[in-house]
């Protein structure tokens with residue numbers, strides 16, 4: 063039975079029994095602090111914990127999952143894999159133990175002809191919690207299982223909880239006996255290799271208290287609502303029903319191993335080391351494909367780093383199998399074909415997904431060549447060094463850091479490759495160096511944000527101003543452009559001061575402010591602070607050197623400011639509105655990118671400046687011009703709809719349930735601000751300022767996109783006045799071109815194309831004419847060859863030349879005219895755009911005499927003040943001093959005489 067059929071039978075069975083089929087959530091975890099969905103019940107956690115009311119009383123799903131904590135163990139045994147699928151059925155206050163056990167028994171033992179899995183009832187064993195007499199009784203009643211096939215276990219094995227205070231309950235696990243060939247008699251408590259767990263039924267009925275471990279916590283009482291959460295491992299059921307020994311041999315995985323066999327010429331099952339490598343390839347290629355399909359792109363942090371690691375481990379495993387050529391173009395399609403019956407989007411989006419993977423392999427191959435050479439050299443040096451210890455030799459953390467920082471060689475690969483050669487790595491020292499680098503980067507950032515790296519004064523100020531219920535500064539800027547405020551912090555040169563007198567650069571902290579501090583890609587507000595005593599401060603920047611503390615950087619231009627003084631703070635409203643338009647436009651561009659490119663186009667940074675946008679996003683390839691135009695059109699279409707732009711403070715769990723986009727790596731509190739455009743069209747967690755309706759943007763113009771690093775692209779755009787100004791300039795330019803070319807605007811493209819074609823044709827004709835003129839004198843040059851120690855030598859200063867290609871053509875023609883009967887050297891120089899060039903050619907007879915073109919060119923280039931090189935038969939060089947060209951040719955003649 064194919065895996066896709068097993069999956070579909072699950073969904074059909076439970077849908078037929080009143081369950082709502084819930085599509086798999088993306089692999090990207092809805093919790094920004096967690097990388098991936100690691101269990102089938104993760105999308106249902108808010109309902110299990112009672113944080114939200116489930117929209118259905120019972121549900122079923124087949125959830126995609128990824129676990130990478132034991133990535134190094136993948137392939138070493140057949141039990142470990144990173145990507146897996148979890149079948150689940152869930153009840154929220156509906157059926158409980160009897161219903162869950164009934165459904166499970168019917169599906170696993172029901173005949174295949176009737177939609178079941180057809181397992182032999184005599185091979186089924188179960189475990190229950192040691193005092194769960196109800197579950198044991200139900201298994202006997204519903205399934206007729208004898209007591210010896212119902213085994214009892216303690217809390218460690220058969221009691222589920224989240225690991226913290228909350229829902230908990232006993233569970234019952236279902237096992238299939240594979241027979242005596244796979245291990246000992248006695249059920250799962252004796253041998254879990256022979257008895258394979260396929261399904262776990264969790265009965266959530268208690269509330270547990272705080273405590274550590276799986277067993278050391280109290281049960282506080284019964285839950286108000288009892289729930290069912292079950293999970294069946296799809297891959298495990300697949301290998302049992304397909305009659306193979308493990309998950310690597312099922313129909314969704316083994317095709318990649320077959321592709322690896324064909325590429326490497328090695329056979330799976332013939333050698334343990336090769337088997338491990340093929341399993342690594344099969345697992346990682348599949349996991350990588352599924353992650354990319356759900357929007358992950360390779361990077362050096364977070365989810366992107368996990369993907370990069372999976373793809374690179376696959377490539378390296380193939381190299382260890384002897385495959386030096388590109389491997390992913392053969393492996394990835396095999397995984398696509400195996401997985402697309404269950405996930406059709408893999409085939410539909412394969413062109414985009416494969417481009418990401420192939421680019422990553424190409425980049426890693428370059429890294430691998432350079433890094434492996436340096437690592438191998440370092441490892442050999444460590445192994446050769448004398449040591450009094452009997453322990454394994456150790457590669458220094460400094461060397462590992464150099465490999466990572468200079469050559470992009472990931473530490474996990476250094477650890478793995480060093481261990482293969484019996485060498486340990488000082489990982490502690492490496493981590494310390496990495497942390498020091500992060501600290502330096504953080505200090506640089508703080509220096510930018512605060513004007514200095516030392517934030518002690520700001521930390522102390524924040525502590526003094528904060529209360530248990532409020533932060534140090536109240537931000538009013540969402541609704542107010544001016545406010546009455548009091549100076550609660552004054553710093554001069556980073557040092558707290560009681561007062562300051564103009565002129566002076568000061569840092570002001572107000573108890574309440576309309577000024578937005580730079581953050582989330584939005585530039586800071588500018589404006590003025592007028593104090594009641596007459597002081598005037600021109601605010602040029604606002605930063606938050608520590609979270610929650612807005613520091614106004616400004617110039618005290620009049621009067622004296624004193625600590626505790628009150629006044630009026632006013633922002634530059636024109637600037638604020640322009641920045642707000644840019645920020646709203648950024649959200650709209652982000653959403654349109656998602657619609658056009660898919661979930662892979664995740665934000666990697668932004669800057670929202672007055673009327674100007676810079677938006678960075680993750681993508682493995684350039685955005686085609688046509689797609690960029692579609693994105694611009696989509697944004698302006700939505701803009702013209704004059705959509706409402708709203709913001710709302712809500713619990714983060716509610717924001718996630720609404721699908722609000724959050725940035726991985728950002729730390730969010732329990733309550734977050736959600737900015738929505740057009741209701742549910744665009745939703746993002748955002749603390750920035752925005753317009754009230756999309757129509758206030760006026761116009762958005764995308765200027766283009768470019769690469770700013772591996773896997774990261776940048777879109778530059780203009781909005782509002784900036785876009786209108788750009789459009790006006792373009793209109794004027796089009797008018798000028800129309801006048802110059804005598805064509806209507808809609809004819810300009812064809813007219814320019816025609817002119818360019820004519821220009822190229824003219825350049826070709828000119829080049830051919832120059833070459834003909836140069837060759838016209840080749841005969842005379844050959845006739846003027848002189849003898850230098852038995853070598854026919856032609857040297858010539860051609861003066862100004864059209865190109866180096868013209869010079870090479872003449873040199874080769876003269877050499878051909880002189881034939882192969884005697885040693886020949888032809889050296890001709892010329893000047894191109896003010897720089898001297900020399901081309902030298904030798905024939906076979908000259909090279910046999912030890913006269914080589916490359917050596918002669920170096921002589922000439924040295925005289926000309928430059929360099930050059932090439933092969934023994936043809937070489938080219940040059941320099942900077944054209945006045946010494948004759949001297950350089952004389953040097954060649956002298957060198958020929960010496961060599962001959």
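Residue numbers (our numbering): 63 to 962.
Heads up, the beta-carbon is just placed ideally off N, CA and C, and yes, glycines get one too.
- Runs of alpha helix (DSSP H) with 4 or more residues, each lying fully within the stretch 189 to 238, are found at 195 to 205 and 217 to 220, listed in chain order.
- Looking at the backbone, the Cα of residue 705 and that of residue 97 are separated by about 33 Å.
- Note on geometry: alpha-carbon atoms of residue 643 and residue 709 lie some 15 Å from one another.
- When C-beta atoms of the stretch 568 to 582 are compared with those of the stretch 599 to 606, three or more pairs fall below 8 Å, so the two segments count as touching.
- The shortest C-alpha to C-alpha distance from residue 214 to any of 620, 410 and 232 is the one to 232.
- Judged by DSSP secondary structure, residue 540 falls outside any alpha helix (DSSP H); it is assigned neither H nor E.
- Residue environment for residue 615: buried (at least 16 other C-beta atoms within 10 angstroms of its C-beta).
- Note that the C-beta distance between residue 342 and residue 136 is below 9 Å.
- Contact check for residue 72 and residue 149: beta-carbon distance about 5 Å, within the 8 Å limit, so the pair qualifies.
- Minimum Cα-Cα distance from residue 879 among the listed residues 371, 847 and 858 corresponds to 847.
- One Cα belongs to residue 187, the other to residue 106, and the distance between them is close to 28 Å.
- Assignment of beta strand (DSSP E) within the stretch 916 to 941, counting only whole runs of 3 or more residues, yields 930 to 932 and 936 to 940 in chain order.
- Scanning the stretch 855 to 904 from its first residue to its last, the whole alpha helix (DSSP H) runs of 4-plus residues come out as 866 to 880.
- Residue 716 and residue 456 have their C-alpha atoms roughly 50 Å apart.
- Contact between the stretch 622 to 642 and the stretch 660 to 667 is absent: fewer than 3 CB-CB pairs across the two stretches fall below 8 Å.
- The Cβ atoms of residue 127 and residue 146 sit closer than 9 Å to each other.
- Annotation for residue 239: 185, 187, 256 and 257 place their beta carbon closer than 7 Å to its own, counting only its chain and skipping 5 residues before and after.
- DSSP places residue 764 in no alpha helix (DSSP H) but in the uninterrupted beta strand (DSSP E) bounded by 762 to 771.
- Listed as beta-bridge partners of residue 557 by DSSP are 554.
- Partner residues in the beta bridge of residue 123, as assigned by DSSP, are 150.
- Residue 696 sits in a helix when the DSSP states are folded into three classes.
- In the three-state scheme derived from DSSP, where H, G and I count as helix and E and B as strand, residue 286 is classed as strand.
- In the displayed model, residue 281 falls within a strand according to three-state DSSP.
- Taking C-beta atoms as the reference points, residue 694 and residue 583 fail to come closer than 9 Å.
- In the structure shown, residue 262 falls within a strand segment according to DSSP collapsed to helix, strand and coil.
- Classified as buried, residue 587 has 16 or more neighbouring CB atoms from the shown chains inside 10 Å of its CB.
- Considering only 736, 737, 831 and 760, the residue with the shortest C-alpha distance to residue 702 is 760.
- About 52 Å separates the Cβ atoms of residue 529 and residue 345, ruling out a contact at the 8 Å cut-off.
- Around the beta carbon of residue 174, fewer than 16 other beta carbons lie within 10 angstroms, which makes this residue exposed.
- For residue 629, the enclosing beta strand (DSSP E) starts and ends at 628 to 633.
- In this structure, residue 611 and residue 540 do not form a Cβ contact; the two beta carbons are roughly 18 Å apart against a cut-off of 8 Å.
- Per the Cβ contact rule, the stretch 287 to 304 is in contact with the stretch 153 to 161 (3 or more Cβ pairs under 8 Å).
- About 5 Å separates the CB atoms of residue 876 and residue 843; that is less than 8 Å, so the two are in contact.
- In this structure, DSSP gives residue 167 a helical state, which the three-state scheme calls helix.
- The beta-carbon distance between residue 719 and residue 108, rounded to whole angstroms, is 7 Å. This is short enough to meet the 8 Å contact definition.
- In this chain, the beta strand (DSSP E) harbouring residue 713 covers 707 to 713.
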